[in-house]
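A short worksheet on the structure shown next.
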Amino acid sequence: MSTAKLILEGNEYEFPLVRGSEGEVGIDTVALRKHTNAISLDPGYGSTGSCLSGITFIDGEKGILRYRGYDIEKLATESSFVEVCYLLIYGELPTQEELLSFSDRLTRHTLIHEDMKKFFEGFPATAHPMAMLSAMVSSLSAYYPGAGIDEDLDLNIVRLLAKVKTVAAFSYKKSIGQPFIYPRNKYSYCANFLHMMFAVPAEDYVPPKVLIDALNLLLVLHADHEQNCSTSTVRMVGSSQTNLYASISAGISALWGPLHGGANQKVIEQLKMIREDGSNFRKYVDLAKDKSSPFRLMGFGHRVYKNFDPRARILKKTADEVLDQLGVDDPLLDIAKQLEEVALVDDYFVSRKLYPNVDFYSGIIYRAMGIPTNMFTVMFALGRMPGWIAHWKEMREEPRGRINRPRQIYTGPTQREIKPLEER
Ligand code: CMC
203 MSTAKLILEG
213 NEYEFPLVRG
223 SEGEVGIDTV
233 ALRKHTNAIS
243 LDPGYGSTGS
253 CLSGITFIDG
263 EKGILRYRGY
273 DIEKLATESS
283 FVEVCYLLIY
293 GELPTQEELL
303 SFSDRLTRHT
313 LIHEDMKKFF
323 EGFPATAHPM
333 AMLSAMVSSL
343 SAYYPGAGID
353 EDLDLNIVRL
363 LAKVKTVAAF
373 SYKKSIGQPF
383 IYPRNKYSYC
393 ANFLHMMFAV
403 PAEDYVPPKV
413 LIDALNLLLV
423 LHADHEQNCS
433 TSTVRMVGSS
443 QTNLYASISA
453 GISALWGPLH
463 GGANQKVIEQ
473 LKMIREDGSN
483 FRKYVDLAKD
493 KSSPFRLMGF
503 GHRVYKNFDP
513 RARILKKTAD
523 EVLDQLGVDD
533 PLLDIAKQLE
543 EVALVDDYFV
553 SRKLYPNVDF
563 YSGIIYRAMG
573 IPTNMFTVMF
583 ALGRMPGWIA
593 HWKEMREEPR
603 GRINRPRQIY
613 TGPTQREIKP
623 LEER
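Counting from 1 along the sequence shown, just add 202 to a position and that's the residue number in this note's numbering.
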């Protein structure tokens, strides 16, 4: 068996290697502290693997993303979001029969308890939809207690996937002061969400195919991304055996930040700012390079991808197609393309391997679809739901799973005496 050797203060230790199915190598340091009394220190976890996982594979150098072995490019064109949910959570693409039954259950569980509608009344009209989403998903555990690994897990998975889109659409309706629109059982998952978002009681609304297809694609592309910040949060919270809803609610909060899923909202805000400033994109490229400024080009860079993010490649093409089909001419798309062109040949971005990520073009498509900017991260959360669930389930099904509890290197004061108040 291959091992890694560590020489620490003159003593030699050996640690086993772990190899993944795609040849990735990890050094198993579980026994490091026991044998050496030292810990590994890796703030930001850039060199730390937190688990073994069979769900998603990314090769950041080659720009590869696969769910359960299937290329994202193939899933994007050949699968529905509901199929991808099933694939991620249960490990295989569904058969015709399994798909029918899963879709049917997702439809039947779409309503939320009527009492939950009163929660929305308590939020100010200006509440960010992510605040409402996180609170409402956590609140589902009050209605369906005991959503642990042993208690009706499949039912709670279906409930969560089905109800989260209702909660998301209701939070939008709340923010614009319109009545909630109830789900319709005749619609598919994506069509039903669009119906709840855009229908009004006074008019008939049939979700257009171009919007249904675009939404389906966006959700598939966001469905999982292995151990990112929000998924690691879901696993972290779930490792204390917290219920499914509360664990996922924590993931939603982690996603909200502008360095993670919140970047899609920030990209559009940044593109608007550049436009209002005379479309001088070079100025902002220079500002992003200036180390004395905190400004970053949102939608650029990724911890894992050191090549094009394959999701961004698909979305760039889709943005053109969707805007074309909808007859939308968005000047922000031109600015985004110019920004990308400049950044891709600029030595600062080239040497740091900073490419557009999934958030760079997704917002342009959401905008064209009529989804408001403050809902963009909610859309990301809807897409990421099956990934979070799959990881929570995988972790909880581990026979020897332990609570996640990292260590630290303490840098505070050493032991000291408390001085009497008058002497401090
Ligand atoms: N604009 C300018 N410089 C950047 C950017 C950027 N967007 N991203 C990274 N850098 C620089 C950074 O300053 C650092 O430079 P130096 O080596 O001189 O100190 C170098 O590139 C490496 O960056 P890092 O911050 O160490 O990289 P990280 O892996 O810790 O962070 C990131 C990854 C995505 C948080 C970061 O690239 C970033 O802040 N990007 C903008 C926010 C964004 O688009 N987030 C969405 C990520 S994709 C969706 C998702 O999965 O969440």
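Think of the CB as a built atom: it goes at the ideal place given N, C-alpha and C, for glycine as much as any other residue.
query                                                                                                                                                           : result
Apart from the five residues just before and just after residue 561, which ones in its own chain have a Cβ nearer than 6 Å to its Cβ?                           : 465, 466, 469 and 501
Taking 7 Å as the cut-off, is the CB of residue 398 close to at least one heavy atom of ligand 1?                                                               : no
Does residue 284 pass the burial test, meaning 16 or more other C-beta atoms within 10 Å, or should it be called exposed?                                       : buried
When the Cα of residue 487 is compared with those of 541, 338 and 314, which residue comes out closest?                                                         : 541
Residue ranges of each alpha helix (DSSP H) run of no fewer than 4 residues wholly in the region 447-509, ordered along the chain?                              : 465-478 and 483-491
Exposed or buried, what is residue 623 when buried is set at 16 or more other beta-carbons lying within 10 Å of its beta-carbon?                                : exposed
Compute the beta-carbon to beta-carbon distance between residue 481 and residue 537, rounded to the nearest angstrom, for a pair I have assumed lies under 8 Å. : 6 Å
Would residue 230 pass as an interface residue toward chain B - the criterion being a Cβ-Cβ separation below 8 Å?                                               : The chain labelled as chain B is not found in the depicted structure, where only one protein chain is given.
By DSSP, does residue 272 sit in helix, in strand, or in coil?                                                                                                  : strand
Report the CB separation of residue 454 from residue 583 in whole angstroms; it is logged as a contact under 8 Å.                                               : 5 Å
Measuring alpha carbon to alpha carbon, tell me which residue in 286, 510, 374 and 264 is nearest residue 627.                                                  : Nothing can be reported for residue 627: it is not among the residues displayed for the chain, which extend from 203 to 626.
Mapping the DSSP letters down to three states, classify residue 385 as helix, strand or coil.                                                                   : coil
Given a threshold of 16 other Cβ atoms within 10 Å of its Cβ, counted over all protein chains shown, does residue 338 qualify as buried or as exposed?          : buried
What's the gap between the Cα of residue 259 and the Cα of residue 266?                                                                                         : 8 Å
Do residue 633 and residue 446 have their CB atoms nearer than 8 Å?                                                                                             : The requested residue 633 does not occur in the structure, where the chain is confined to residues 203 to 626.
Which two residues bound the contiguous beta strand (DSSP E) that contains residue 207?                                                                         : 205-210
Span of the beta strand (DSSP E) holding residue 221?                                                                                                           : 213-221
Going by the beta-carbon positions, is the gap between residue 448 and residue 436 smaller than 8 Å?                                                            : no
The alpha helix (DSSP H) with residue 579 in it runs from where to where?                                                                                       : 578-598
Quick one, which of 253, 310 and 473 has its alpha-carbon nearest residue 602's?                                                                                : 253
Can you tell me the Cβ-Cβ gap for residue 238 and residue 215, rounded? I've got them flagged as a contact below 8 Å.                                           : 6 Å
Could you tell me which of 364, 316 and 462 sits nearest to residue 306, measuring between CA atoms?                                                            : 364
Among 207, 457 and 353, whose alpha-carbon lies nearest the alpha-carbon of residue 335?                                                                        : 457
Let me confirm a value: residue 241 is counted as buried when at least 16 other C-beta atoms fall within 10 Å, else exposed. Which label applies?               : exposed
Using DSSP with H/G/I as helix, E/B as strand and the rest coil, what is residue 419?                                                                           : helix
Mind checking who residue 227 pairs with in its DSSP beta bridge?                                                                                               : 221
What residues in its chain sit with their C-beta under 8 Å from that of residue 611, if we drop five residues either side in the sequence?                      : 241 and 243
Can the beta-carbon of residue 396 be found less than 8 Å from the beta-carbon of residue 417?                                                                  : yes
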